[in-house]
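Each remark here refers to the structure printed beneath this line.
In our numbering, the protein residues as written are 343 to 1038.
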């Protein structure tokens, strides 16, 4: 054994192995830094590393078999040690090896402490980027931590202005809570005193967070102190902290932009920033971003039917508003230069000059990210230093369930449906249910209620199903791409024959055939013809009977129509639409008459943020009057990860038994819990590379 060791030493195998390892390590580090900057594929560094690993045994074998002599490299056939190499000849090589080792150590120290602002302790983290380079890292929470993102309405993730901390709503032991994590640490820290957090956002200094919690806007520091109540509010939609004031939007009977002092306590009343009444009544106010150059606020709005989106520039004192971009959902305003927005489920960016009110050429920058299920808002946030954070896209494989729910909220599952099932409507005899999905493309199918199996009919791109009074036909909408219009179709479920009843644009709700079997009722949502329409027998053009309303349902006696207007439930005479009266108090959706016409059901969002089934009883018929709304059972609890097919501007999202004692509701896991956030550092560098040179 000793002879072998001496022979390895004599043939300089150890020395070659050491030099090879050190040089390979240096070259791998250089490749890891240089190749990404040259826009080489991600696998290039791994390929270089594998080559050096494969070369190591080859170098060792060659060191054993060959020796370097004054006359060149030759086969080493001598088995006895020799002293032909003097100590003075060996010493420079030793110095060279020592210098290389010191160089590697210095490179590692500089890379860790000098060239990087932060070294994340996350899985799949990208290497630290230098100037002009964007790096992405994945913040993945280990399963033993028991946290999961819980995405509902609005943004549920916030990023500090310096990009060093993230705050988001999560689940801990099935309880909703607010947590904070520093990106250079792995620990998730719960923030005390917050029971049902919604839409958190940071203070300008990054030391505090404002959050909506069961109808109260709260301010909480990140050092563990108890939160302070700022003001009471309903239906908070988004928030923005500017200097010492907090601006927030609400969706109630009409959208509002409000402001309150961030130092206010004892629930001081907020001050409304006046915005055009018509705009407020027909739109939802959503995301906001501050424009330091002009001191204005960028405000994203969506029409109440969710068909149009745009971005406004608003004077935060006077409320004067000017549209700067259409067909766009606001995400952020970065570096006082770049407008970030979503369009057709793509993340876009364009240069924006707030002084000149000019928006430049937009380019797509991201496609795969998560959206809130309830209101389709992207889960993307930014910091003022150019860091971007977004929830990684994910899908839940858990199937949906079809359920009977009694008035106490007791649920009886009766069958499993495809995970994307969202809408259900019973046939007049209760034998079948028409089920529609909200996947892309939509699919409409029938479900046998007794056997709990598909009935056989399946219509691709069919949506908004209802039944003909004879129970032999279904009525639904379907796009006709050749005509560029939506068609209302009557289909025989026995022989699959079809009849086009009407063709129009932007059918938003379930088209319904009334009790006479011929009169057609439907809603349209577009900028020119928004409202509820009636097509009488023998007519070729439908008549507008209620403007700007959706989700109509006619009472069983045919005398009254209920509908949604500005997130409230109204009842009016049918078909004239006269004598309207509001019957809901909370923001409400999807009204449905009981079979005897003595009660009206709808889904409402109450102060706690829960969505509940409510009922109003008819107290008198002439004149028609209702009692106060009465809550029956939660359809979606604020901390729940379920979506129920009840809260929607669409029609036929649920159904009710003839006596009103049971409700047919689809419940599903909402793709709303995730365990990964992607962080893009120095994202501005990527934007500058992607945007065209012509600024505007």
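C-beta atoms are modelled at their ideal positions from N, C-alpha and C, and glycine is treated no differently.
Could you tell me which uninterrupted beta strand (DSSP E) segments, each at least 3 residues in length, are contained entirely in the stretch 755-829, listed from first to last along the chain?
763-768, 774-779, 785-790, 795-802, 805-809 and 815-822
Considering residue 621, what are the terminal residues of the alpha helix (DSSP H) in which it resides?
First-last of the alpha helix (DSSP H) with residue 621: 619-624.
List the endpoints of the continuous alpha helix (DSSP H) containing residue 1027.
1025-1032
In three-state DSSP terms, what is residue 929?
coil
Residue of 706, 948, 950 and 971 minimising C-alpha distance to residue 959
971
Under 8 Å: do the stretch 752-767 and the stretch 570-580 share three or more Cβ pairs, one atom per stretch?
no
Quick one: residues in its chain with C-beta nearer than 7 Å to the C-beta of residue 504, no 5 flanking neighbours on either side, listed in chain order?
548, 725 and 727
Excluding five sequence neighbours on each side, which residues of the same chain lie with their C-beta closer than 8 Å to the C-beta of residue 941?
Apart from sequence neighbours up to five positions away, the residues of its chain that approach residue 941 with a beta-carbon distance below 8 Å are 935, 957, 958, 959, 960 and 1002, ordered along the chain.
Cβ-based burial, residue 540 [other Cβ within 10 Å; buried from 16]:
Result: buried.
Which whole-angstrom value is the C-beta distance of residue 745 and residue 1007, which I expect to be below 8 Å?
Residue 745 to residue 1007, Cβ: 5 Å. Contact.
Taking the alpha carbon of residue 405 as the reference point, which residue from 362, 531, 640 and 817 has its own alpha carbon closest?
362
Could you tell me the boundaries of the beta strand (DSSP E) in which residue 638 lies?
638-645
Should residue 969 go down as buried or exposed, given a rule of 16 or more other Cβ atoms within 10 Å for buried?
exposed
Between the stretch 923-933 and the stretch 876-888, are three or more C-beta pairs nearer than 8 Å?
no
Given a cut-off of 8 Å on the beta-carbon distance, is the pair residue 920 and residue 913 in contact?
no
Could you check if residue 893 is buried or exposed, using at least 16 other CB atoms within 10 Å of its CB as the buried criterion?
Buried: at least 16 other Cβ atoms inside 10 Å.
Local Cβ density within 10 Å of residue 964, reported as buried at 16 or more and exposed below that:
exposed
Give the straight-line distance between the Cα atoms of residue 683 and residue 944, rounded to the nearest whole angstrom.
Taking the straight line joining both Cα atoms gives about 34 Å.
Give me the Cβ distance between residue 666 and residue 691, rounded to the nearest whole Å; I'm assuming they're in contact under 8 Å.
Rounded, the Cβ-Cβ distance is 15 Å, inconsistent with contact.
Report the rounded CA-to-CA distance for residue 569 versus residue 688, giving the unit in angstroms.
37 Å
From 655, 679, 650 and 642, pick the residue whose C-alpha is nearest to that of residue 673; which is it?
642
If you drop the 5 nearest sequence neighbours on each side, which residues of the same chain put their C-beta closer than 6 Å to that of residue 800?
787, listed in sequence order.
By alpha-carbon positions, which one of 502, 652, 579 and 498 ends up nearest to residue 510?
498
Residue 703: first and last residue of the uninterrupted beta strand (DSSP E) it sits in
Neither: residue 703 is in no beta strand (DSSP E) and is coded neither H nor E.
Between 760, 831, 525 and 951, which has its C-alpha nearest residue 518's C-alpha?
951
Looking only at its chain, what residues have a beta carbon closer than 6 Å to the beta carbon of residue 708, apart from the 5 residues adjacent to it on each side?
689
Assigned exposure category for residue 452 - 16 Cβ within 10 Å defines buried:
Confidence at residue 452 is low in this model, with a pLDDT of 47, below 50, so the placement of that residue should be treated as unreliable; the coordinate-derived value is given next. The residue in question, residue 452, is exposed, as its Cβ has fewer than 16 Cβ neighbours within 10 Å.
For residue 532, does the three-state DSSP call read helix, strand or coil?
strand
With 16 other CB atoms within 10 Å as the buried threshold, where does residue 953 fall?
Flag for residue 953 reads buried.
Residue 374 by DSSP, collapsed to three states: which one?
helix
Let me know the secondary structure DSSP gives residue 421 once reduced to three states.
Bear in mind that the predicted position of residue 421 carries a pLDDT of just 44, short of 50, making it too unreliable to give a figure here.
Taking DSSP as the reference, what is the three-state secondary structure of residue 835?
coil
DSSP three-state assignment for residue 745, whether helix, strand or coil:
strand
Ends of the beta strand (DSSP E) at residue 525?
Note, residue 525: premise wrong, no beta strand (DSSP E); not H, not E.
Once DSSP output is grouped into helix, strand and coil, what is the label at residue 586?
coil
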